[in-house]
Each structure stands twice: as C-alpha cells, then as structure tokens.
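Below is one structure; the comments refer to it alone.
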Amino acid sequence: MTAALLACVGPTMAQAEGLRIPEYPQENESQWSLGAGIGFERSPYRDVGNETSAIPLLGFQNRYVRFFGTTFDAKLPSAGPVDFSIRARYALGDGYKSSDSSYLSGMDKREGGLWLGLASTWHSGVADVSLEWMRAVGKSKGNRIKLAVERSFAATNRIHITPYAGIQWSDSKDVDYYFGVKDSEVTAERARYEGKSSTNINAGIRIDYTLTRHQNLFLDVGVQRWGSGVTDSPLVRRSTSPSLRMGYLYRF
302 MTAALLACVG PTMAQAEGLR IPEYPQENES QWSLGAGIGF ERSPYRDVGN ETSAIPLLGF
362 QNRYVRFFGT TFDAKLPSAG PVDFSIRARY ALGDGYKSSD SSYLSGMDKR EGGLWLGLAS
422 TWHSGVADVS LEWMRAVGKS KGNRIKLAVE RSFAATNRIH ITPYAGIQWS DSKDVDYYFG
482 VKDSEVTAER ARYEGKSSTN INAGIRIDYT LTRHQNLFLD VGVQRWGSGV TDSPLVRRST
542 SPSLRMGYLY RF
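In our numbering, the protein residues as written are 302 to 553.
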C-alpha cells in the first residue's frame, strides 16, 4: 500500500486540497504517522517566483476519525466500496501578502483559513475515485468541488507508483477573493477585476519507496493548469504551476 499519498501541498489556491491521508493496512486500529518534507512550486501570481515550503507531516487514524497534515475527517458509514466523511481543512498557504512582489504592492492581504465540507472515495478495484465539496468559513465564503482519480501499482516490492489527475471547480466568490482586484486596489498598471468561477485541472505522478515496514520516502511531481476565471486576472502571469514535493514518513 502507498504510504505517503501527497497531492497538492503548497502556498497557492492550487494547494488548498492539502495532504492526502496515508492508507493503513488496518483502518480500524489506531495508527500514528510522523514525517517531514519539502515542496517547490511556481506561483501563478505576477512577479512571484518559485516558492519553497516545509511540509510537516503528522497523521492519526482509527475507526472513527482520520487526520493528516491540516485535514481532519470524521468517518461516516460506508456503502460497500464507497467511503464517506465530514471533512475540515485549514489552508495555511493560500493567498499572498502585498510584499510578495512589487506588482502586488498596495493589495490587501489574502489569507488562507478553515474549510468545511464532505468527501467520498470509491475504491473501484481499478482506481480510487474521490469527490470533495468544501466551503470556506473565513473571508471568501467560496466553494470548491473536486473530482479526482488515482491508481497505484507496484513497480517492485519496494516501489509503488501512483499516477493521478483531478479537476476542481471554484466558484466566483473563491476566485474573486484570491485573484480579484477591488476598486481600492486599482492602479494605472492594475485594472479592477471581479473574479469568475474557474475550472482548474491538475495531474502528476507520485512515487513511494519503502525503506522498512514502517519507513517510506516519497516523491511527487505534478502540474496545475488554471482556468480562465483565474488567468483573466491581472494578478496572474502564468496559466500553469508545476510543483515538486519529497519527504520521509514513519508509520508507528
């Protein structure tokens, strides 16, 4: 089983989905995991370069709850191969500060915050298909819906490879908060922009290497393609954001 299911960790809205929770052989038993990693990502914001972030990894799972990184799941009754949960996530890295680039000077700070919603995963036997709806509790009051699919297979006894892809819809409130320009923020070089809903696509590949029964290394290489609701913003310079993450995880 893959041990570090990382997908989209980082400092922009692309990363709001957070850390994927590791799979445990015995889901009903209490299990802890601990580790650390590092992530590199190209920001979509104008004149903001590549961003580096440390990734602390702390996880816990038993019959009733699941926690990993900044994501907490309260498990609901499953229906055969389909799991359901009530999900809470704290998006630490979303947004920007006006000091992040000269172009963003004069912009109000955009912050991450708490998201609440529902999640489900269908373990089809061919691939895992997940659906997630999240609503921001903080300033944006936005909504995000994501559909994702991934399939893991063993390349060797120690190496597991997981290609993945996903599509995320963000409503106009979400996009407007993170990529909009208010009247008070308009300059000669920065036009007013009211955010529109956007459909963003991501894909990548994750490699897990088993050192011992309890220890794993992971490498995740992915790319996010932003929809027109985001790229039409004067704050955005790029339509794609490649990323790379690597780290170590110990399962007790």
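Idealized CB from N, CA, C, for every residue including glycine.
- Thr463 counts as buried, since no fewer than 16 other beta carbons sit within 10 angstroms of its beta carbon.
- With fewer than 16 other Cβ atoms from the protein chains shown falling within 10 Å of its own Cβ, Asn458 counts as exposed.
- Secondary structure at Val438: coil, using DSSP grouped into helix, strand and coil.
- Counting other Cβ atoms within 10 Å of its Cβ, Glu342 reaches 16 or more and is therefore classed as buried.
- Spatial neighbours of Arg552 in its own chain (CB-CB distance under 6 Å, excluding positions within 5 residues in sequence) are listed in chain order as Ser334, His515.
- Cβ neighbours of His424 within its own chain (closer than 8 Å, five residues either side excluded): Pro382, Val383, Asp384.
- Take Ser498, set aside five residues on each side of it, and the residues of its chain with a beta-carbon closer than 6 Å to its own are Asp472, Ser473, Gly530, in chain order.
- The beta strand (DSSP E) runs lying completely inside the segment 499 to 545 and spanning 3 residues or more are 499 to 511, 516 to 526, given in chain order.
- Linking Tyr397 to Asp409 through their CA atoms gives a straight-line distance of about 9 Å.
- By the criterion of a C-beta distance shorter than 7 Å, Ala428 is surrounded in its chain by Val450, Glu451, Arg452, once the five residues flanking it on both sides are discounted.
- About 5 Å separates the beta carbon of Thr541 from that of Arg526, a gap short enough to meet the 8 Å contact definition.
- Buried is the label assigned to Gly528, since at least 16 other Cβ atoms lie within 10 Å of its Cβ.
- Under a 10 Å Cβ-count criterion, Tyr479 is classified as buried, with 16 or more other Cβ atoms of the shown protein chains found around its own Cβ.
- Sorting Ser399, Arg445, Ser406 by C-alpha distance to the C-alpha of Leu415 places Arg445 at the top.
- Judged by DSSP in its simplified three-state form, Val427 adopts coil rather than helix or strand.
- When rounded, the separation of the alpha-carbon atoms in Ser421 and Ala489 is 46 Å.
- Minimum Cα-Cα distance from Asp475 among the listed residues Phe454, Lys442, Ala504 corresponds to Lys442.
- Note on Glu433: 16 or more other CB atoms within 10 angstroms of its CB, so buried under the neighbour-count rule.
- Annotation for Tyr397: no alpha helix (DSSP H) segment contains it, and DSSP assigns it neither H nor E.
- Nearest C-alpha to Lys483 among His461, Leu359, Gly407: Gly407.
- Bridge pairing for Asn444: Arg436 [DSSP].
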